[in-house]
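Chemist: First the structure, then my questions, so here it is.
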Amino acid sequence: MLLTLRVPRSRLCLGRQQHRRLLASTAPEEAKRQTTQHPLQLEINGNTYPTDSWTNVTPRILSHLGLNKHLQRDHPLSIIRQRIINYFYGAYRNQRGNPLFSVYDKLSPIVTVQQNFDNLLIPIDHVSRQKSDCYYVNREHLLRAHTTAHQVELISGGLDNFLVVGEVYRRDEIDSTHYPVFHQADAVRLVTKDKLFERNPGLELFEETWSGSLADPKRILPSSKCMDQTKQPCHTLEAVKLMEHEMKHVLVGLTKDLFGPRIKYRWVDTYFPFTQPSWELEIYFKDNWLEVLGCGIMRHEILQKAGVHQSIGYAFGVGLERLAMILFDIPDIRLFWSNDSGFLSQFSEQDLQNLPKYKPISHYPQCSNDLSFWLPANVEIDAGFSANDFYDLARTIAGDVVEQISLVDKFKHPKTGKTSLCFRIVYRHMERTLTQAEVNEIHKHIADASVEAFNVQIR
Ligand code: FA5
Ligand code: MG
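Residue numbering for the sequence shown follows this note's numbering, starting at 19 and increasing by one per position.
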């Protein structure tokens, strides 16, 4: 929303409310100090940045750096990342059958104003540059507001098909679908005339009348508003239409790959400073149209700046939380930051094609107790004892107050040769807080029943 022409809602309230909510768990005086006062320099990821009148990152926001939820195994954002990558690997292959796209998912989120804005022709007075919309480290550095910030450096490095995945930071509103730190995947695909017009070799990428004057990087034209949805003056209509068709076909393909063939979607014309023409893709979700991505034909000035003169390209940026919310039926974007094992244990990367729907977790606290026992002599896990039998027994006794059970330790005694197992059982009630005494009693029942059923010896 932020980089489009529409005024984001957050700009109207200048982010004050979101700050109050963000800092809700910090004492008021401390929260105020953290938001308004800064040390003379900031130490981030081993680099030192002098602060200045632009500095507005808070310790709370900086604490998200390096959490890399998109790389955390079995996290829903990692599952979405993997699904997008797999889709692109399948959709585009070279003649030898290898994937065309390369993936960059560990780039530092601290970028320069040049990377985040200038390289992408974002006008100097564009709202998205304002302090009220971004987290600035100082006047030259900020936490990237979109993964598009890496476009020019990667193209300059010679890449023509790539995906960038990472977290982005915006002083946006906070509600069930907006959070100041969220994840994006960006992609760029560049093609030459020969490739685009393989079947129509007579066609051209660029208008005959276009002088190519943008080709001199020192004479980059001032960014126009790019509101004409037809095409940029330099491109031929055929080139733009073919590229648009390929891009929309691939993005609808991705949408259907994720959500099934019956998903309702629509294309909405929009404006981005770095693409022309530009669109947003919206998906019908819970009785509303939800914007999931922005895309378009890349501005030719950007390619030229990056040293590419004979190609046309498309680019898009998609919000991972938005996709994951639809895919897993996750009702609130804040859940993606949860370390609650009741949330995290619901997702697994093992079978990417059969993903479960999210089951709401109780907001009452968890209580976890360990149970360790010796297996009988000559019995081992999967040879006389099955962990699944133990799980069933525990569930039969405790019912739904058992939220999770996992095997956390296993070892063989060097002398007796007996195997010891330790299971962690997490208890939680859906409607009330369990007392430790109650939990201990249930836990004891499970221990007693295990002795009875499996002839184990409690340690
Ligand atoms: C951009 O960030 C552009 N860089 C996308 C782009 C890339 C366009 C390349 C063209 C070419 P926008 O601000 O609309 O655009 O954000 C892109 C997506 O991020 C949105 O469609 C939405 O899915 C997600 N998004 C935006 N703001 C938030 C937020 N506060 N919380 C969660 N997701 C968000
Ligand atoms: Mg948008």
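Even for Gly, the Cβ is constructed at its ideal location relative to N, Cα and C.
Everything numeric in this text was worked out from a predicted model, so none of it was measured.
Could you check which residue in 348, 120, 322, 440 has the C-alpha nearest to that of residue 475?
Modeler: Residue 440 is the option with its Cα nearest to residue 475.
Chemist: Taking the beta carbon of residue 340 as the centre, do at least 16 other beta carbons fall within 10 Å, making it buried, or is it exposed?
Modeler: It is buried - the Cβ of residue 340 has at least 16 other Cβ atoms within 10 Å.
Chemist: Would you kindly check if the distance between the Cβ of residue 183 and the Cβ of residue 203 is under 8 Å?
Modeler: For residue 203 and residue 183, yes; Cβs fall inside 8 Å.
Chemist: So is residue 124 buried or exposed if we call it buried at 16+ other beta carbons inside 10 Å?
Modeler: Answer is exposed; the Cβ neighbour count stays below 16.
Chemist: Could you give the first and the last residue of the continuous alpha helix (DSSP H) run that contains residue 262?
Modeler: That run of the alpha helix (DSSP H) goes 255-277.
Chemist: Between residue 169 and residue 129, is the Cβ-Cβ spacing less than 8 Å?
Modeler: No.
Chemist: What whole-angstrom Cβ distance do residue 399 and residue 420 have, given they're in contact under 8 Å?
Modeler: That belief does not hold up - the Cβ atoms of residue 399 and residue 420 are roughly 20 Å apart, past 8 Å.
Chemist: Please tell me whether residue 448 has its Cβ less than 8 Å away from any Cβ of chain B.
Modeler: No chain B appears in this structure, which consists of one protein chain only.
Chemist: Who does residue 202 pair with in a DSSP beta bridge?
Modeler: Residue 202 is bridged to 184, 337.
Chemist: With which residues is residue 322 paired in a DSSP beta bridge?
Modeler: BP columns for residue 322 are empty, so no partner.
Chemist: Apply the 10 Å Cβ neighbour rule to residue 95 and answer buried if 16 or more other Cβ atoms are within range, or exposed otherwise.
Modeler: Answer is buried; the Cβ neighbour count reaches 16.
Chemist: Does the beta-carbon of residue 84 have 16 or more other beta-carbons within 10 angstroms, so that it is buried, or is it exposed?
Modeler: Under this definition residue 84 is an exposed residue.
Chemist: Please confirm whether residue 188 and residue 143 have their CB atoms less than 8 Å apart.
Modeler: It is not a contact, given that the beta carbons lie outside the stated cut-off.
Chemist: Going straight from the alpha carbon of residue 453 to that of residue 309, what length do you get?
Modeler: Near 44 Å, if we compare the C-alpha coordinates of residue 309 and residue 453.
Chemist: Run through the segment 129-176 for me and flag every whole alpha helix (DSSP H) of 4 or more residues, listed as ranges in chain order.
Modeler: List check, alpha helix (DSSP H) in window: 131-134, 169-174.
Chemist: Can you tell me whether residue 38 is buried or exposed, with buried defined as 16 or more other CB within 10 angstroms of its CB?
Modeler: Low confidence applies to residue 38: its pLDDT is 34, below 50, so where it sits in the model is not reliable, and the reading given next is rough at best. With fewer than 16 Cβ atoms within 10 Å of its Cβ, residue 38 is classed as exposed.
Chemist: For the alpha helix (DSSP H) that contains residue 409, what are its first and last residues?
Modeler: Residues 405-416.
Chemist: Could you give the first and the last residue of the continuous alpha helix (DSSP H) run that contains residue 214?
Modeler: Residue 214 -> alpha helix (DSSP H) spans 211-214.
Chemist: In chain order, what residues of the same chain lie with their CB nearer than 8 Å to the CB of residue 438, ignoring the 5 residues before and after it?
Modeler: Cβ neighbours of residue 438 beyond the five flanking positions: 390, 391, 392, 393, 427, 428, 429, 430, 431, 477.
Chemist: Taking residue 305 as the reference, which of 317, 281, 323 has the closest Cα?
Modeler: Out of 317, 281, 323, 281 has the C-alpha closest to the C-alpha of residue 305.
Chemist: For the structure I just gave you, are there three or more beta carbon pairs, one from the segment 320-327 and one from the segment 342-355, closer than 8 Å?
Modeler: At 8 Å Cβ cutoff, the stretches do not touch.
Chemist: Secondary structure at residue 466, three-state DSSP: helix, strand or coil?
Modeler: It is helical.
Chemist: With H, G and I counted as helix, E and B as strand and the rest as coil, what does DSSP make of residue 441?
Modeler: Three-state result, residue 441: strand.
Chemist: Could you give the DSSP three-state label for residue 88: helix, strand or coil?
Modeler: Helix at residue 88.
Chemist: With a cut-off of 8 Å, do at least 3 Cβ pairs link the segment 402-413 to the segment 357-372?
Modeler: No contact exists between the segment 402-413 and the segment 357-372.
Chemist: Look at residue 134 and residue 163 and say whether their C-beta atoms are less than 8 Å apart.
Modeler: Contact: yes.
Chemist: Can you check whether the CB of residue 224 is closer than 8 Å to the CB of residue 253?
Modeler: Yes, the pair counts as a contact, with Cβ atoms nearer than the cut-off.
Chemist: Using a threshold of 8 Å, state whether the C-beta atoms of residue 248 and residue 291 are closer than that.
Modeler: No, Cβ-Cβ distance for residue 248 and residue 291 is not below 8 Å.
Chemist: Closest by CA to residue 433, which one among 396, 416, 447, 356?
Modeler: Selected option, being the one with the closest Cα: 396.
Chemist: Taking the straight line between their C-alpha atoms, what separation do you get for residue 155 and residue 199?
Modeler: So the two alpha carbons sit approximately 15 Å from each other.
Chemist: Suppose you measure from the CA of residue 64 to the CA of residue 293; what does that come to, to the nearest Å?
Modeler: The alpha-carbon atoms of residue 64 and residue 293 are separated by roughly 35 Å.
Chemist: Distance check for residue 157 and residue 343, CA to CA, integer angstroms please.
Modeler: Going by the C-alpha atoms only, they are around 35 Å apart.
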